[in-house]
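Trainee:
Here it is as structure tokens:
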């Protein structure tokens with residue numbers, strides 16, 4: 001799934017230099033809600049993301065997953081949540097700069113100061129303040145050791161849509177949330193689903209594991225996929241157990257759900273206070289750098305809980321606490337959105 005920037009947004013493909021009040025780095029749920037909130041405060045906003053689509057990890061990793069812990073939604077698919085956030089953010093008329101990676105950052109913390117961010121394609125954004133909502137920065141999928149040369153021939157790292165796997169044999173390699181979410185979603189759609197994991201314990205949420213174990217999916221543990229076979233595209237996989245047994249399973253698709261290698265890129269060179277690849281913030285979501293705030297999964301503080309719902313509150317806190325940097329006469333409390341309705 002690709003969520004395009006709405007028509008009310010400035011076309012990201014033609015924008016090279018932008019001047020705004022608020023720059024948001026990261027177009028996931030927290031970043032999109034932050035764009036809405038900046039607009040609610042009456043400020044101009046630009047959103048930068050290294051991915052070519054809106055929605056961050058939700059769009060990239062689990063657009064079809066049912067999300068159960070967002071307030072007001074008994075259940076909502078990832079893509080539906082992103083769609084709603086994009087529509088909400090459209091009221092701010094955000095400028096989206098997608099498929100671009102932030103590289104340089106210069107900060108002037110004087111009375112009329114601001115910051116200047118450069119990107120890998122030469123784009124420049126000037127802003128009064130910045131909020132970093134990039135969940136794990138720029139990320140790449142961990143490779144499947146036996147999958148060299150098979151990408152584009154049946155080997156994939158994401159499952160953006162379940163329907164394209166209808167009536168196909170699918171082998172999923174991994175034991176984390178993505179592997180089991182995709183296995184659960186493909187059950188009843190794919191002709192067969194086989195999960196292969198090198199251990200007999202899983203990192204995935206136990207309820208999802210139980211659902212997959214109770215489904216028609218086959219789960220093979222203490223084993224690895226050691227070979228992919230086929231002509232133009234993959235047709236079967238070889239699975240070798242720790243006991244030395246060699247198994248063969250049909251497969252027209254192999255999903256390597258082995259996690260991702262996070263790369264915070266230039267953020268590591270900006271002087272941010274990082275702790276285990278997360279940004280330390282205070283209760284107002286301020287980082288150690290002037291005019292720079294952070295919100296969402298990338299933040300770290302005592303008691304931090306990494307949930308989409310928490311990110312929404314954090315980015316609203318960040319945007320409102322940035323108010324005086326944009327307008328010295330502004331108040332942190334914005335009033336209620338229902339005022340005057």
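Residue numbers (the numbering used here): 1 to 341.
Even glycine gets a Cβ: it sits at the ideal position worked out from N, Cα and C.
#1: Is the separation between the beta-carbon of residue 187 and that of residue 221 shorter than 7 Å?
#2: May I have the straight-line CA-CA distance separating residue 151 from residue 178, to the nearest angstrom?
#3: Tell me whether residue 301 sits in a helix, a strand or coil according to DSSP, three-state version.
#4: Whose CA, out of 299, 95, 195, lies closest to the CA of residue 36?
#5: Closest to residue 106 by C-alpha separation, out of 313, 271, 311, would be which residue?
#6: Going residue by residue through the region 138-164, where are the continuous alpha helix (DSSP H) segments of at least 4 residues, counting only ones entirely within it?
#7: I need the DSSP call for residue 96, collapsed to helix, strand or coil.
#8: Contact check, residue 318 vs residue 285 under 8 Å by CB: the rounded distance?
#9: Give the C-beta separation of residue 181 and residue 65 to the nearest angstrom, bearing in mind that I take them to be a contact with Cβ-Cβ under 8 Å.
#10: Apply the 10 Å Cβ neighbour rule to residue 8 and answer buried if 16 or more other Cβ atoms are within range, or exposed otherwise.
#11: Between which two residues does the alpha helix (DSSP H) containing residue 332 stretch?
#12: Residue 63: buried (16+ other C-beta within 10 angstroms of its C-beta) or exposed?
#13: Just verifying my parser: in three-state terms, what is the DSSP assignment at residue 66?
#14: Is it true that the CB of residue 47 sits closer than 7 Å to the CB of residue 24?
#15: Does DSSP classify residue 232 as helix, strand or coil?
#16: What residues in its chain sit with their C-beta under 6 Å from that of residue 300, if we drop five residues either side in the sequence?
#17: Provide the residue span of the alpha helix (DSSP H) that contains residue 79, from first to last.
#18: Taking the alpha helix (DSSP H) that residue 257 falls in, what are its first and last residues?
#19: Taking 7 Å as the cut-off, decide whether the C-beta atoms of residue 166 and residue 189 are in contact.
#20: Let me confirm a value: residue 83 is counted as buried when at least 16 other C-beta atoms fall within 10 Å, else exposed. Which label applies?
#21: Among the candidates 204, 263, 129, 312, whose CA atom is the shortest distance from the CA of residue 326?
#22: Just to confirm the assignment, what range does the beta strand (DSSP E) spanning residue 185 have?
#23: Residue 132 lies in the beta strand (DSSP E); which residues open and close that run?
#24: In the DSSP output, what is residue 169 paired with across the bridge?
#25: Would residue 264 be called buried (16 or more neighbouring beta carbons within 10 Å of its own) or exposed?
#26: Is residue 32 closer than 7 Å to residue 291 when the C-beta atoms are compared?
#27: For the candidate residues 109, 162, 229, 294, whose alpha-carbon lies nearest to that of residue 148?
#28: In this structure, how does DSSP classify residue 208 when only helix, strand and coil are distinguished?
#29: Cα-Cα, which of 125, 313, 112 is closest to residue 297?
Mentor: Inspection of the coordinates gives the following:
#1: With a cutoff of 7 Å on beta-carbon distance, residue 187 and residue 221 are scored as not near each other.
#2: Those two C-alpha atoms are separated by around 19 Å.
#3: Look at residue 301 here: in three-state DSSP terms it is coil, with no helix or strand label.
#4: Measuring from the Cα of residue 36, the nearest candidate turns out to be 95.
#5: The residue with the shortest Cα to Cα distance from residue 106 is 271.
#6: Segments of the alpha helix (DSSP H) lying fully in the region 138-164: there are none.
#7: Assignment of residue 96 by DSSP, reduced to helix, strand and coil, places it in the strand class.
#8: Contact flag correct, Cβ pair sits at about 4 Å.
#9: Separation of the CB atoms of residue 181 and residue 65 is rounded to 5 Å, and the pair is thereby assigned contact status at 8 Å.
#10: Reliability fails at residue 8, whose pLDDT of 40 lies under 50, so the model's placement of it is uncertain and the value that follows must be treated cautiously. Exposed.
#11: Where residue 332 is concerned, there is no enclosing alpha helix (DSSP H), given that its DSSP letter is neither H nor E.
#12: With 16 or more Cβ atoms within 10 Å of its Cβ, residue 63 is classed as buried.
#13: DSSP, read as helix, strand or coil, puts residue 66 in strand.
#14: In this structure, residue 47 lies closer than 7 Å to residue 24 by Cβ.
#15: Reduced to three states, the DSSP call for residue 232 is coil.
#16: Excluding residues within five positions, the ones whose Cβ falls inside 6 Å are 275, 278, 280.
#17: Counted as a single uninterrupted DSSP element, the alpha helix (DSSP H) harbouring residue 79 occupies residues 78-89.
#18: Looking at the DSSP string, residue 257 is not in any alpha helix (DSSP H), and its letter there is neither H nor E.
#19: By the CB criterion at 7 Å, residue 166 and residue 189 fall inside the cutoff.
#20: Within 10 angstroms of the beta-carbon of residue 83 lie 16 or more other beta-carbons, which makes it buried.
#21: Considering only alpha carbons, the answer is 129.
#22: Where residue 185 is concerned, there is no enclosing beta strand (DSSP E), although the alpha helix (DSSP H) it sits in stretches over 177-186.
#23: Residues 124-132.
#24: Looking at the DSSP assignment, residue 169 forms a beta bridge with 192.
#25: The residue is buried, with at least 16 neighbouring Cβ atoms inside 10 Å.
#26: Judged by beta-carbon spacing, residue 32 lies beyond the 7 Å limit of residue 291, meaning their Cβ atoms are not closer than that value.
#27: Among 109, 162, 229, 294, the Cα nearest to that of residue 148 belongs to 229.
#28: Reduced to three states, the DSSP call for residue 208 is helix.
#29: The shortest C-alpha separation from residue 297 is found at 313.
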